[in-house]
DNA sequence: CTGAAAGCGCTTACAG
DNA sequence: CTGAAAGCGCTTACAG
């Protein structure tokens, strides 16, 4: 119960400026219907008293908190390992800060976490939510849309394509670019390591890969497809299996940089060289792409832009606009691995 | 301005239970001075109406927000690269969630960010702060302690050892363990890559390294000391320089896992093998330790525990207790690199 | 143990 | 353009 110095209230400002509390409030809220003289007096008084608004009092009457939650609803290990989350989180924090809105971080790894978060949001403590949850059928997403809480998802929210705003990249097109690049290098036995099939990045990047293979006149071969879960270790395992089943593989498109790092490990361990024997293209252009050896050729996701658009869409939702979708382009970044 | 369904208030609960608002409030706040009958009636009414407290109204009268800020005041790139931050952030979020307290994330990379955060905190929007800022002389830390905001730092807050609560590991002892391990392996030309000298991890790990060298009867040699800034690239550069100046180096203690990964890169590139030619010990036991090749022998920082203690200390501060310090032990984890 | 009442610091119709 | 007043949803002495 540490006592904090009593802060000046709107009352103090009104007294200092010689106006009523109502006038001070009007100045605080945009200054409409205020005479230039009153406005100047109030602004001066605000400066002199060091007044800052009490958000609790304001929220009590406006019924809005002017804060949003960033909800990460993924299995635990992902948050530790995936280098994309910090980037997204930082981008959203920054974009919100520009609107003077704080970000409340909620991490829902367990069932208990999820219940707590839903309770918190149902209680009306926040105005809206930024959702990161790649897997279809996430209960938090269902509950939030059910409650009618304004929310924006990162990536296509499978099952909620039409009742949730979202920002996504063109997954299939990115995968097409990557695979076409490998074909253009003259590679003919091009494998792929996918993400989970209940995520848009798993499903749609595989579709793009197949599409590019067809365009390049290469046969579809299901034994060239292996699945991972975006972790490095899963990429290593998938690649090991691919090489065992098809020793003639000369290229691989991997659906995340982290899995690509694991794949390179597996390739190297098998006595092959990257890119000479097997060319590798990743996806994300995460920090891992630069620390990988060799540095990864990869499909860049514009995370900075993605977070900005998420915040923009959410603010639009809070303003009463209908849920919209934003699809951003990807870009192939050619480095040493392919 | 999306209208949200009107939530039941304390008034609705009181009507349902047949008591006054005051009694409902007493039940909400611990149930002291409430008869068993009234308590039961109110609890039943709360369930029936689906009442949940309005924090804004409560905070307006209690003058406390029951929320805390997690302030990361580091240069931008650190947040992207350092795998320890997400772990710390997650730990703090979880520990706070157990007390039903939300965490507001603040990232202060730029001067503008810092000013915004100080303004926000000075406005009284949060009750306390968890501080992550490794470098001495950080202005945010100065301002916060100046404002008298309850805060807990992660790591020894150089310059505020006595007016700020903090949780730290025994840096010197960890470095001693690491270096003694290398000496115990029979290595005689043991180098070190330090962190920045204005951070406790830079300063005190170097002291521990020197201490262990002395104990092992090895001569102090300043040309075996190189400095980094905790990033992978800086570790690589420092190691490259060390090997150039002292081609006979047979071991190195590196003050962070990320720098150790860079160091391994440099060693490998020079044609040497790890650990055969040069043994490497890192610091942190971050996720990077496991993905490194070979896997890193390293000094484990108990990040989970650190975040729990930070939250515990902060809650104690909010409860009026004086700033305290908690020093946690480290543990040497032996893997393949040394 | 309980109720009536004041008050936390704002915003916003409502008159004028 | 401005002030007086009601009200947002709680907590907390104060009487009883």
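Chains as they are written, first to last, in UniProt numbering: chain S, 1 to 338; chain P, 1 to 338.
Beta carbons are placed, not taken as given, at the ideal position from N, Cα and C, and that holds for glycine.
Rounded straight-line distance, which links the Cα of residue j to that of residue i
i, j, result
"residue 2(S)", "residue 319(P)", "For residue 2(S), the pLDDT reaches just 37, beneath the cut-off of 50, and the residue's location in the model is therefore unreliable, leaving the point undetermined."
"residue 117(S)", "residue 107(S)", "8 Å"
"residue 4(S)", "residue 323(S)", "With a pLDDT of 45 at residue 4(S), under the threshold of 50, the modelled position of this residue cannot be trusted; read the value that follows with caution. The alpha-carbon atoms of residue 4(S) and residue 323(S) are separated by roughly 42 Å."
"residue 238(S)", "residue 219(S)", "21 Å"
"residue 294(P)", "residue 274(P)", "7 Å"
"residue 314(S)", "residue 152(S)", "6 Å"
"residue 325(P)", "residue 159(P)", "14 Å"
"residue 335(S)", "residue 261(P)", "20 Å"
"residue 111(S)", "residue 211(S)", "38 Å"
"residue 101(S)", "residue 45(P)", "35 Å"
"residue 223(S)", "residue 169(S)", "28 Å"
"residue 122(S)", "residue 311(S)", "21 Å"
"residue 86(S)", "residue 305(P)", "21 Å"
"residue 288(S)", "residue 245(P)", "30 Å"
"residue 41(S)", "residue 53(S)", "17 Å"
"residue 178(S)", "residue 209(S)", "8 Å"
"residue 15(S)", "residue 55(S)", "21 Å"
"residue 19(P)", "residue 7(P)", "19 Å"
"residue 96(P)", "residue 12(P)", "30 Å"
"residue 155(S)", "residue 291(S)", "25 Å"
"residue 251(S)", "residue 67(S)", "47 Å"
"residue 333(S)", "residue 120(P)", "40 Å"
"residue 78(P)", "residue 50(P)", "44 Å"
"residue 60(S)", "residue 109(S)", "32 Å"
"residue 199(P)", "residue 136(P)", "6 Å"
Cross-chain neighbours of residue i in chain S, by beta carbon under 9 Å
i, result
"residue 113(P)", "94, 97"
"residue 203(P)", "The premise fails here: residue 203(P) is roughly 27 Å from chain S at the closest Cβ pair, so nothing lies under 9 Å."
"residue 274(P)", "Simply none; closest approach about 14 Å."
Partners in chain P for residue i, counting only beta-carbon separations shorter than 7 Å
i, result
"residue 57(S)", "60"
"residue 7(S)", "124"
Under 8 Å by beta carbon: chain P residues contacting residue i
i, result
"residue 125(S)", "55, 102"
"residue 27(S)", "Here the premise fails: no neighbours, minimum Cβ distance about 17 Å."
Neighbour list for residue i in chain S, Cβ cutoff strictly below 7 Å
i, result
"residue 48(P)", "Those do not exist, as residue 48(P) stays about 16 Å from chain S at its closest Cβ, beyond 7 Å."
Residue interval of the alpha helix (DSSP H) (run including residue i)
i, result
"residue 171(P)", "171-184"
"residue 262(S)", "257-269"
"residue 225(S)", "From DSSP, residue 225(S) is part of no alpha helix (DSSP H) but of the beta strand (DSSP E) over 225-227."
"residue 145(P)", "139-147"
"residue 32(S)", "Careful: residue 32(S) lies outside any alpha helix (DSSP H) and carries neither H nor E."
"residue 117(P)", "111-122"
"residue 300(S)", "Premise fails: residue 300(S) lies in the beta strand (DSSP E), 297-300, not in any alpha helix (DSSP H)."
"residue 130(P)", "Not the alpha helix (DSSP H): residue 130(P) falls in the beta strand (DSSP E), residues 128-132."
"residue 53(P)", "Where residue 53(P) is concerned, there is no enclosing alpha helix (DSSP H), given that its DSSP letter is neither H nor E."
"residue 13(P)", "10-17"
"residue 313(P)", "303-318"
Spatially closest choice to residue i from the options, by CA coordinates
i, options, result
"residue 298(P)", "120(P), 94(P), 283(P)", "283(P)"
"residue 142(S)", "73(S), 200(S), 180(S), 39(S)", "73(S)"
"residue 309(P)", "75(P), 221(P), 88(P), 19(P)", "88(P)"
"residue 105(P)", "90(P), 170(P), 23(P)", "90(P)"
"residue 256(P)", "161(P), 281(P), 243(P)", "281(P)"
"residue 125(P)", "65(S), 312(S), 162(S)", "65(S)"
"residue 228(S)", "321(S), 145(S), 132(S), 254(S)", "254(S)"
"residue 236(P)", "248(P), 270(P), 70(P), 36(P)", "270(P)"
"residue 278(S)", "51(S), 186(S), 200(S), 165(S)", "186(S)"
"residue 329(S)", "26(S), 34(S), 171(S), 207(S)", "171(S)"
"residue 94(S)", "134(P), 113(P), 81(P)", "113(P)"
"residue 301(P)", "321(P), 276(P), 59(P), 327(P)", "327(P)"
"residue 144(S)", "25(S), 286(S), 71(S), 247(S)", "71(S)"
"residue 17(S)", "194(S), 198(S), 48(S)", "48(S)"
"residue 115(S)", "130(S), 138(S), 127(S), 134(S)", "138(S)"
"residue 146(S)", "34(S), 132(S), 233(S), 163(S)", "163(S)"
Amino acids of chain S, ordered along the chain, whose beta-carbon sits closer than 8 Å to that of residue i
i, result
"residue 291(P)", "232, 261"
"residue 11(P)", "Those do not exist, as residue 11(P) stays about 15 Å from chain S at its closest Cβ, beyond 8 Å."
"residue 116(P)", "97, 100"
Range covered by the beta strand (DSSP E) that runs through residue i
i, result
"residue 208(P)", "Careful: residue 208(P) lies outside any beta strand (DSSP E), inside the alpha helix (DSSP H) at 200-215."
"residue 284(P)", "279-284"
"residue 106(S)", "103-107"
"residue 24(S)", "Note, residue 24(S): premise wrong, no beta strand (DSSP E); alpha helix (DSSP H) at 21-28."
"residue 192(P)", "190-194"
When you check each C-beta in the segment 277-302 of chain P against every C-beta of chain S, which residues fall closer than 8 Å?
-> 287, 291, 293
Closer than 9 Å, Cβ to Cβ, to anything on chain P: give me those residues from the segment 307-336 of chain S, in chain order.
-> 317, 318, 319, 320
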